[in-house]
Amino acid sequence: MLSKNNKITKNNYYLSSFFWSTLSKVLNAILGFVSIPLLLGFYGKADYGILSIATACNGYMHLLDLGMNTGAIRYFSLWKAEKKFDLIQKVAHTNITFYMIIAGVNAIGLLALAFWGESLFSITHAQFLQLRSCLFILALFSIICWVSTAFNQLLVSDKQMTFTMQMQCLQTLLKTALVFVVLWADLSLTTYFFFLTLLIALLIIPYACKCLKDKLIDSLRLGNYWKEFRIVLTFSLSLFALSIFQVTATQSRPILLSIFTDKGADVVAEYRIIEVFPLFIIMIGGTFSSIFLPKTAEMVARNIHSEISNFAYRWTRLTSILANCLCFPFIFSAKEILTSYVGSSYSNLSVWLVLWSITVLIQIHTTPGNSLVLAYGKTKPLVITSAISCIISIIINILCCRYYGVGSAVIGYLVYVVIVIVVYYGSYYKKLMNLSRLKMLSAFCLPTGLAFIALFFVRFIPFEHFPTGDFSERIDMFVLFLVKSFSWGIVYVILLSVFNFLLTKRRRTIW
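Residue numbers (numbering that gives the first Met the number 0): 0 to 510.
(1) Would you tell me roughly how many angstroms separate the C-alpha atoms of residue 114 and residue 125, rounded to the nearest one?
(2) How far does the alpha helix (DSSP H) with residue 430 in it reach, from first residue to last?
(3) Residue 213 CB to nearest chain C CB: under 8 Å?
(4) Apply the 10 Å Cβ neighbour rule to residue 367 and answer buried if 16 or more other Cβ atoms are within range, or exposed otherwise.
(5) Could you check what DSSP says for residue 81 in three-state terms: helix, strand or coil?
(6) DSSP state of residue 344, grouped into three classes?
(7) Quick one: what's got a C-beta closer than 7 Å to residue 88's C-beta in the same chain, skipping five residues either side?
(8) Tell me which same chain residues have a C-beta within less than 8 Å of the C-beta of residue 446, skipping the five on either side of it?
(9) Over what stretch of residues does the alpha helix (DSSP H) that includes residue 306 continue unbroken?
(10) Identify which residue in 116, 91 and 177 has its Cα closest to the Cα of residue 148.
(11) May I have the straight-line CA-CA distance separating residue 402 from residue 416, to the nearest angstrom?
(12) Verify whether the separation of the beta carbon atoms of residue 340 and residue 36 is less than 8 Å.
(13) Residue 387 and residue 420 look like a contact to me (Cβ under 8 Å); what is the Cβ gap, rounded to whole Å?
(14) Report yes if the C-beta distance between residue 352 and residue 410 is below 8 Å; otherwise report no.
(15) How many angstroms separate the CA atom of residue 292 from the CA atom of residue 370?
(16) With H, G and I counted as helix, E and B as strand and the rest as coil, what does DSSP make of residue 92?
(17) If the criterion is Cβ atoms closer than 8 Å, does the pair residue 248 and residue 392 meet it?
(18) Could you check the C-alpha separation between residue 478 and residue 128 for me, to the nearest Å?
(19) If you drop the 5 nearest sequence neighbours on each side, which residues of the same chain put their C-beta closer than 6 Å to that of residue 23?
(20) Excluding the 5 residues preceding and the 5 following residue 177 in the sequence, name in chain order all residues of the same chain whose CB lies nearer than 6 Å to its CB.
(21) When DSSP labels each residue in this structure, what does residue 163 get in the three-state scheme?
(22) Going by alpha carbons, who is nearest to residue 357 out of 430, 345, 325 and 99?
(23) So what does DSSP say about residue 224, is it helix, strand or coil?
(24) Check for me: the alpha helix (DSSP H) holding residue 117 runs from which residue to which?
(25) Between residue 407 and the rest of its own chain, which residues show a CB-CB distance below 6 Å, the 5 nearest in sequence each way excluded?
(26) At which residue ranges does the stretch 173-220 contain complete alpha helix (DSSP H) runs of 4 or more residues, listed in the order of the chain?
(27) Given this structure, state the Cα-to-Cα distance separating residue 197 from residue 188, to the nearest angstrom.
(28) For residue 208 versus residue 153, is the C-beta distance shorter than 8 Å?
(29) Check whether the Cβ atoms of residue 47 and residue 268 sit closer than 8 Å, and answer yes or no.
(30) Taking the alpha-carbon positions, what's the residue 473 to residue 342 distance?
(31) Are the beta-carbon atoms of residue 76 and residue 311 separated by less than 8 Å?
(32) DSSP three-state label for residue 377, please.
(33) Out of 214, 423, 222 and 350, state which residue places its alpha-carbon closest to the alpha-carbon of residue 404.
(34) I need the straight-line Cα distance from residue 372 to residue 460, nearest angstrom please.
(35) Let me know if residue 19 comes out buried or exposed under the rule of 16 or more other beta-carbons within 10 Å of its beta-carbon.
(36) Measuring alpha carbon to alpha carbon, tell me which of 431, 68 and 106 ends up nearest residue 302.
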């Protein structure tokens, strides 16, 4: 049984990590909400699409991580609990060497794409020359960006996510300032992308200094303790196959759109427009993955089933409630938020935003279960399923993109998510963790059912008669989005309270 002080410390970890993670994501979302329309208008739809293609290509290179991000955090957390500090030091130093090697491979891949990849994309020669400049910039900063990951892993495993998120908040503020500098100084697309990538790379400075200060690592020297490092790498490689299909299912979507549609840059720009909102939801909901993993690794090490099951049921319910609060405003008011964001000419994308939001809602609720799966380290069935669902989603994306445009990417990803989640309920929950499938499903369906009931009641409110001010259409639509979201939120909270979802565990048990 945890002592009272231990419970307080545990709760403080969850609350502090979630607060700063959420603040970081909110600031990042605000940056996207402000910057994308400004940059879209400043550079034009096609040229802005070039930035999206470059970042998508670089994002796919993150497969080179080989699953080490999750594996390192898992083992650093376990070894800290077991007081194997010397082992942590050896693996941490070797981890820096590993990421420098990976960065070199990443840079070579980007340079190869810059020199010989023009035929891959449905863009003009002038647009490819801009894309080439962006790829050069990414290659230049690849070593710094990759090595900072090694320090981030040490901080997260030491339960210092609060610090990492505070640094990312500062980075987001600097990115926002950069956007206004672009508009004021009339910077070129390439110059903007250079300074943007530089800001991302500079995170290595506070991360490394914090690790040294807290003695998480004794120096910045490279290590070659490959025998000890192999323990982490072997486990991580089991996640690598899973990462291949997960990253491919997500990062390949804009790349496929740029290749198989007639106007690649334009369609990718539309993709980036609607992606902002689901990405914001995923960033906040997905924050729990990093928060949960150090804790679930300790639970699995202790192997106390009651502790594991209580965590799974409780946090699936809470994560589902959070996912509903994040997703339903965009499901209910997709047209309004798109109009306020980029203008009424893009409101036709609202149907795809609704479908994408529903997909994210389904995906996020498995976050606690996913953290337990990673802690157990048994991912073989999930790898096979991810491979099959990834291939299916890619085929759907390719076949449908000429008919549905950006919608083909959304439909393909929905199929991917549904297939993977079927495996969670069909295999992992019962066979691996000995959890009740019905309880896990209820933890998601009950609060989500209340969210739909709230949506049903709120739809009877005559929002079309909502008085608008003497502002622009985009401001009016944003205010209407807030009013509709707030109205739904009030009804949802009332229903949660009526059905005792907001009560303490003891009172809920009594009820």
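Beta carbons: idealized from backbone N, C-alpha and C, even for Gly.
On the basis of the coordinates in this document:
(1) What you label residue 114 is simply residue 115 of the sequence shown in a count that begins at 1. What you label residue 125 is simply residue 126 of the sequence shown in a count that begins at 1. Straight across, the Cα-Cα distance linking residue 114 with residue 125 is about 14 Å.
(2) Taking the sequence shown and counting its residues from 1, one reaches residue 430 at position 431. From DSSP, residue 430 is part of no alpha helix (DSSP H); its letter is neither H nor E.
(3) In summary, chain C is missing from the structure at hand, where a single protein chain is found.
(4) The residue you call residue 367 lines up with position 368 of the sequence shown. Label assigned to residue 367: buried.
(5) Here the question's residue 81 lines up with position 82 in the sequence shown. In the structure shown, residue 81 sits in coil (DSSP, three-state: anything other than H, G, I, E or B).
(6) Along the sequence shown, one-based indexing puts residue 344 at 345. Helix, per DSSP.
(7) Counting from one through the sequence shown, the residue named residue 88 turns up at place 89. Same-chain partners within the cutoff: 216 and 217.
(8) As a working mapping, residue 446 is identified with position 447 in the sequence shown. Taken in chain order, the residues that qualify are 316, 319, 320, 323, 495 and 500.
(9) Within the sequence shown, the letter at position 307 stands for residue 306. First-last of the alpha helix (DSSP H) with residue 306: 304-331.
(10) Stepping through the sequence shown from its first residue, residue 148 is reached at position 149. The candidate whose alpha carbon is nearest that of residue 148 is 91.
(11) By 1-based counting over the sequence shown, the position of residue 402 is 403. By 1-based counting over the sequence shown, the position of residue 416 is 417. Distance between the alpha carbons of residue 402 and residue 416 is about 22 Å.
(12) The count along the sequence shown starts at 1 and reaches residue 340 at position 341. The count along the sequence shown starts at 1 and reaches residue 36 at position 37. Yes, they are a contact pair.
(13) As a first step, residue 387 is located in the sequence shown; it is residue number 388 there, counting from the start. As a first step, residue 420 is located in the sequence shown; it is residue number 421 there, counting from the start. About 14 Å; that fails the 8 Å criterion.
(14) Here residue 352 corresponds to residue number 353 of the sequence shown, with the count starting at 1. Here residue 410 corresponds to residue number 411 of the sequence shown, with the count starting at 1. Contact: no.
(15) To locate residue 292, count along the sequence shown from 1; it is residue 293. To locate residue 370, count along the sequence shown from 1; it is residue 371. Rounded to the nearest angstrom, the two C-alpha atoms are 5 Å apart.
(16) Taking the sequence shown and counting its residues from 1, the one referred to as residue 92 is at position 93. Three-state DSSP puts residue 92 in a helix.
(17) Along the sequence shown, one-based indexing puts residue 248 at 249. Along the sequence shown, one-based indexing puts residue 392 at 393. Cβ atoms of residue 248 and residue 392: closer than 8 Å.
(18) In the sequence shown, counting from the first residue as 1, residue 478 sits at position 479. In the sequence shown, counting from the first residue as 1, residue 128 sits at position 129. Computed Cα separation, rounded: 41 Å.
(19) Working through the sequence shown from its first residue, we reach residue 23 at position 24. Excluding residues within five positions, the ones whose Cβ falls inside 6 Å are 164, 167 and 168.
(20) On the sequence shown, residue 177 is found 178 positions in, with the first residue counted as 1. The answer, listed in chain order, is 194.
(21) Position 164 of the sequence shown, counted from the start, is the residue given in the question as residue 163. It is helical.
(22) Taking the sequence shown and counting its residues from 1, one reaches residue 357 at position 358. Answer by Cα proximity: 325.
(23) Counting from one through the sequence shown, the residue named residue 224 turns up at place 225. Looking at residue 224 - three-state DSSP - the assignment turns out to be coil, as it is neither helix nor strand.
(24) Taking the first residue of the sequence shown as position 1, residue 117 is located at position 118. It is not in any alpha helix (DSSP H) - residue 117 carries neither H nor E in the DSSP assignment.
(25) As a first step, residue 407 is located in the sequence shown; it is residue number 408 there, counting from the start. Only 396, 399 and 400 meet the Cβ criterion.
(26) Runs of the alpha helix (DSSP H) inside the stretch 173-220: 188-200 and 203-212.
(27) What you label residue 197 is simply residue 198 of the sequence shown in a count that begins at 1. What you label residue 188 is simply residue 189 of the sequence shown in a count that begins at 1. C-alpha separation (whole angstroms): 14 Å.
(28) Within the sequence shown, numbered from 1, the residue matching residue 208 stands at position 209. Within the sequence shown, numbered from 1, the residue matching residue 153 stands at position 154. Against a cut-off of 8 Å, the Cβ pair of residue 153 and residue 208 comes out as no contact.
(29) The residue you call residue 47 lines up with position 48 of the sequence shown. The residue you call residue 268 lines up with position 269 of the sequence shown. A contact, by the Cβ cut-off of 8 Å.
(30) Taking the sequence shown and counting its residues from 1, one reaches residue 473 at position 474. Taking the sequence shown and counting its residues from 1, one reaches residue 342 at position 343. When rounded, the distance between both Cα atoms is 6 Å.
(31) As a working mapping, residue 76 is identified with position 77 in the sequence shown. As a working mapping, residue 311 is identified with position 312 in the sequence shown. Judged by their CB atoms, residue 76 and residue 311 are not nearer to each other than the 8 Å cut-off.
(32) Reading the sequence shown from its first residue, position 378 is the one you call residue 377. Here residue 377 sits in coil by DSSP.
(33) As a working mapping, residue 404 is identified with position 405 in the sequence shown. Nearest option by C-alpha distance: 350.
(34) To locate residue 372, count along the sequence shown from 1; it is residue 373. To locate residue 460, count along the sequence shown from 1; it is residue 461. Between the alpha carbons of residue 372 and residue 460 lies a gap of roughly 43 Å.
(35) Position 20 of the sequence shown, counted from the start, is the residue given in the question as residue 19. Around the CB of residue 19, 16 or more other CB atoms lie within 10 Å, so the residue is classed as buried.
(36) Start at 1 with the first residue of the sequence shown, and residue 302 comes out as number 303. It is 431 whose Cα lies nearest to the Cα of residue 302.
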